[in-house]
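2 protein chains.
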Amino acid sequence: AAMAGCGWARAVRGLLLDVSGVLYDSGADGGVPIAGSVEAVRRIKASGLKLQLCTNETQATRESFVRKLRAMGFDVSVAEVTAPAPAACRLLRERGLRPHLLVHDDLVAEFAEVDRTNPNCVVLGDAAENFTYANLNEAFRLLIGMEKPVLISLGKGRYYKETDGLKLDVGAYMKALEYACDIQAEVVGKPAKTFFESALAELGVPPEQAIMIGDDIENDVGGAQQCGMRALQVRTGKYRPSDENHPKVKPDAYVNNLAEAVDIILQQL
Amino acid sequence: AAMAGCGWARAVRGLLLDVSGVLYDSGADGGVPIAGSVEAVRRIKASGLKLQLCTNETQATRESFVRKLRAMGFDVSVAEVTAPAPAACRLLRERGLRPHLLVHDDLVAEFAEVDRTNPNCVVLGDAAENFTYANLNEAFRLLIGMEKPVLISLGKGRYYKETDGLKLDVGAYMKALEYACDIQAEVVGKPAKTFFESALAELGVPPEQAIMIGDDIENDVGGAQQCGMRALQVRTGKYRPSDENHPKVKPDAYVNNLAEAVDIILQQL
C-alpha cells in the first residue's frame, strides 16, 4: 500500500542510501542501528542490486565512519561511501584551491593530499567543538581578506539530533560567514546536484534506474529528485509528520523504515 | 570641498555620533582615540549644538562605556548615550518577555531589572568570547523549543575592527540562529528606525535638524537617512573605499574624520 503504483521500481538497478537516520541514529555513544536496517542492507546485497551510501557526514573520515558502521553489523566498505570531503578534495584540485580548514579534527585526514599552505579558500564542515569564537573569526578574516572570497561548505543542514539533544549543523555557521562577508558559499554534499551525480557514477547506474532513500525531505528527497532519481522518505531519523505537507518536495513514496522500503522494492523485481 | 553644497547643514541643531570608529578605535587594550575627536566633541559642546552618542555597543553597560570614554578624554555623560540594551529592556517590559541572554558578561547588569526565569525569548548581543559552541546550541534549543520563537538581536552588524583585527559581529550569529530556526530576528539598535527615533527623542531635536555621523555605511548612514536625517560617513574606523560605490546608500557627504565634519558644520552656522 505504501508504494502502490510504484511499478517504476521494477526498473531499479541500484539504491542510494542516506546513513544517519536511515541505517542508525547518531549520538555521543556512537549511535544505535535502526531496527531491521542491518538485515535490509544484507538483503539488498544478496538481491544483486547495487548499493551506495550517500551521506553528508563530516565528523569522521570514511575509514573511521565505515569502521563504526561495520561494528554495528552493517556489511559496507569505504568504496561504498560517497561523502562531502572527498568531493571537496576533487573540487579543490580541479580549481587549484588551497583550503583553510574549519572542520572536525577527525576529518582532517581526508585532506592529507591537499596543499594547505597560503590558503585561498575556506572549507567549512560540521566542526562541532571546533566552532569556537577564535576559529570562526580566523576563517572570517581569511575570507574577507581575499579579493574574491571562496567559501566551500560541506553541506548546509540547519541542525541535527544527537542522543543528548539538538545541535546546530554546518549550515548555520555557513550562513554566519556568508552574511559577514556578503558572499554565497558553494555547497558540496547533498542537496548539490554534482554530489548526487558523483554518487550515481560510483553506483554505476543512471538516475532513472536508481532510488534514493533518506530521512531528510529537502537534502535527500528533494536533491535526488532534482537529479532525475526517484526518492523515498523513511519515517525514521529526523522525519517529522509535518514533512508530509512540505510546500515544495513530495517523495515518490513514504515508507516506515529502510526494511519496509527493501521489502517493497524487492517484491517488484 | 568635502561638503560643497551642504547649505542644509545651516539648519542643524543637534548631532548623533556613532562611537567606535568615529570617536575611538576599539581593541583589547580598551582602544585609542581617533586623532582630533576629543577636541571635536569639546567644540560641538562649546558651539551650543546638542549631542547624543548613538551606539550599537553591547560589550559593556553604559556606565562602564562612559567611564572608558571619559578616561580617553571625551567629555560625555551616561544620559548622552543611546544604546541597544536599554531599548531592549523597554521592549521586553512592554511585551512581557523573559529573556535568555546570550550577551557579553559585562552587559548582563543592564538587564538587572528584567525577569529572566523560564525564558520565552532569546536576546542576542555581541557576546564575543561567550559565543561558544555550547552557548549557541543552548540558545538554539531554547528557540526551537518555543511554539513561536522570539529572537531579539542587539544590532545586526556584520563585523567590526579591533586593534588586533576584524571580529564577527552579532549579525553573523543572528543569521546562524535565524537559519537554523527558520525565523526572522527582531533587531534593536541601529539601523532600526525606532532606535534612531529614541536617540532623536533623547537629543530633543527633530530629524530634519539632526545629522548622524558614522563609519558604517548601512547601519549608521543608511539607517539615519531612512529616519529622515542627513548622514555623513567618516573615512575612519571600518570605512573602506568600496563603501563609496555602495549600491543602495549614498551619504549626504564624506568627511575624513569627525574633526573635519565638525569644522565644516560649525562653519555653516
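Residue numbers (my numbering), protein chains in the order written: chain F, 1 to 269; chain C, 1 to 269.
A virtual CB, placed ideally from N, CA and C, is assigned to each residue, including glycine.
query, result
"Tell me the rounded alpha-carbon separation between GLY7 of chain C and LEU17 of chain C.", "20 Å"
"Taking contact to mean at least 3 C-beta pairs separated by less than 8 Å, is the region 93-101 of chain C in contact with the region 118-125 of chain C?", "yes"
"When you compare the region 174-185 of chain C with the region 54-70 of chain C, are there three or more beta-carbon pairs, one atom per stretch, that lie closer than 8 Å?", "no"
"How far does the alpha helix (DSSP H) with LEU154 of chain C in it reach, from first residue to last?", "Not the alpha helix (DSSP H): LEU154 of chain C falls in the beta strand (DSSP E), residues 151-154."
"Just list the residues that DSSP pairs LEU124 of chain F with in beta bridges.", "F:LEU102 and F:SER153"
"For ARG90 of chain F, count the other beta carbons within 10 Å of its own beta carbon; 16 or more makes it buried, fewer makes it exposed. Which is it?", "exposed"
"At 7 Å on the CB atoms, spell out the chain C contacts of GLY165 of chain F, in chain order.", "ARG141"
"Anything in chain C within Cβ reach of LEU15 of chain F, meaning under 7 Å, just list it in chain order.", "Residues of chain C passing the Cβ test: none, with the nearest at roughly 30 Å."
"Excluding the five sequence neighbours on either side, which residues of its own chain have a C-beta within less than 6 Å of the C-beta of ASN256 of chain F, listed in chain order?", "ARG235"
"According to DSSP, GLY214 of chain F sits in a beta bridge with which residue or residues?", "F:GLN233"
"Should ASN135 of chain C be flagged as near chain F, meaning a C-beta pair shorter than 7 Å?", "no"
"Cβ of LYS161 of chain F less than 7 Å from any chain C Cβ?", "no"
"Who are the near neighbours of VAL249 of chain F in its chain, counting only those whose CB is closer than 8 Å to its CB and skipping five residues on each side?", "ILE217, GLU218, VAL221, GLY222 and GLN225"
"Starting from the beta carbon of ILE183 of chain F, find every residue of chain C whose beta carbon is closer than 7 Å, and list them in chain order.", "The premise fails here: ILE183 of chain F is roughly 11 Å from chain C at the closest Cβ pair, so nothing lies under 7 Å."
"Taking the straight line between their C-alpha atoms, what separation do you get for VAL41 of chain F and ALA112 of chain F?", "31 Å"
"Does any residue of chain C bring its CB to less than 7 Å from the CB of LYS175 of chain F?", "yes"
"Does any residue of chain C bring its CB to less than 7 Å from the CB of TYR254 of chain F?", "no"
"Between ARG158 of chain F and chain C, is any beta-carbon pair separated by less than 7 Å?", "yes"
"Taking the Cβ atom as the reference point for each residue, do LEU168 of chain C and LEU136 of chain F lie within a distance shorter than 7 Å?", "yes"
"Between TYR133 of chain F and PHE131 of chain C, which are expected to be in contact by the criterion C-beta below 8 Å, what is the C-beta distance as a whole number of angstroms?", "5 Å"
"Reducing DSSP to helix, strand and coil, say where SER20 of chain F ends up.", "strand"
"For chain F, is any of its Cβ atoms less than 7 Å away from the one on TYR239 of chain C?", "no"
"Determine whether the Cβ of ALA192 of chain C lies closer than 7 Å to any Cβ atom of chain F.", "no"
"Entirely within the region 140-211 of chain F and at least 3 residues each: give me those beta strand (DSSP E) ranges in chain order.", "151-154, 159-162, 165-168 and 186-188"
"Taking the C-alpha atoms as reference points, what is the distance between THR82 of chain F and LYS193 of chain F?", "13 Å"
"List, in chain order, every chain C residue whose beta-carbon is nearer than 7 Å to that of TYR179 of chain F.", "ARG158, GLY171, ALA172 and LYS175"
"Taking 7 Å as the cut-off, decide whether the C-beta atoms of SER20 of chain C and LEU258 of chain C are in contact.", "no"
"On a CA-only basis, which of C:ARG13, C:ALA9, C:ARG10 and C:GLY30 is nearest GLU162 of chain C? Give me that one, please.", "C:GLY30"
"Between the alpha carbons of HIS246 of chain F and ASN245 of chain C, how many angstroms are there, rounded?", "41 Å"
"Among residues of its own chain, excluding the 5 on either side of PRO207 of chain F, which ones have a beta-carbon nearer than 7 Å to its beta-carbon?", "LEU200, CYS227, GLY228 and MET229"
"Is the Cβ of LEU168 of chain F closer than 7 Å to any Cβ of chain C?", "yes"
"Given that a residue counts as buried once 16 or more other Cβ atoms are within 10 Å of its Cβ, and exposed if not, what is LEU203 of chain F?", "buried"
"Counting along the chain, where does the alpha helix (DSSP H) carrying ALA109 of chain F start and finish?", "Unbroken run through ALA109 of chain F: none, as it is neither H nor E."
"Assuming LEU51 of chain F and LEU15 of chain F make a contact with CB atoms under 8 Å, what is their CB distance in whole Å?", "5 Å"
"Just curious, the beta strand (DSSP E) that VAL255 of chain C is in, first and last residue?", "253-255"
"In three-state DSSP terms, what is ALA1 of chain F?", "The pLDDT assigned to ALA1 of chain F is 49, lower than 50, so where the model puts this residue is not dependable; a value taken from the coordinates is nonetheless given after this. DSSP places ALA1 of chain F in coil when its eight states are reduced to three."
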